[in-house]
Amino acid sequence: MSIINNINKAFDHRIRLGIMSVLMVNEKADFKELKELLGATDGNLASHAKALEKETYIVVKKAFIGRKPNTSYSVTSKGRNAFKKHIEALEKLLGNK
Numbered sequence: 001m002s003i004i005n006n007i008n009k010a011f012d013h014r015i016r017l018g019i020m021s022v023l024m025v026n027e028k029a030d031f032k033e034l035k036e037l038l039g040a041t042d043g044n045l046a047s048h049a050k051a052l053e054k055e056t057y058i059v060v061k062k063a064f065i066g067r068k069p070n071t072s073y074s075v076t077s078k079g080r081n082a083f084k085k086h087i088e089a090l091e092k093l094l095g096n097k
């Protein structure tokens, strides 16, 4: 078995890796928070979030706070498990495990 088998292609971009990292340690994060934390553009963040949502690794909730639209994200249990396996594979690849 190859040492890179558990490296997940869904997390191969720094924005996706960042989204998942933030959501692994926070119950949820909204679009503005993620955008500021990751230094991403609106379009870039939206497209990478959509890719993670398509894999069912994150859940997207759209709501209104007052009259302002708010989009928030949270990680699913499938996403949590996949990300943990991905991190473990990276650690193994780097020789830390």
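Sequential numbering of the sequence shown, starting at 1, is according to the UniProt record's numbering. Just so it is clear, CB atoms sit at the ideal spot from N, CA and C, and this is done for glycine as well.
A46: not part of any beta strand (DSSP E); member of the alpha helix (DSSP H) spanning 42 to 54, first to last residue.
Here I65 is bridged, per DSSP, to K68. The shortest CA-to-CA distance from K32 to any of D42, V25, L23 is the one to D42. Assignment of S74 by DSSP, reduced to helix, strand and coil, places it in the strand class. Taking all protein chains in view, the Cβ of M24 is surrounded by fewer than 16 other Cβ atoms within 10 Å, so the residue is classified as exposed.
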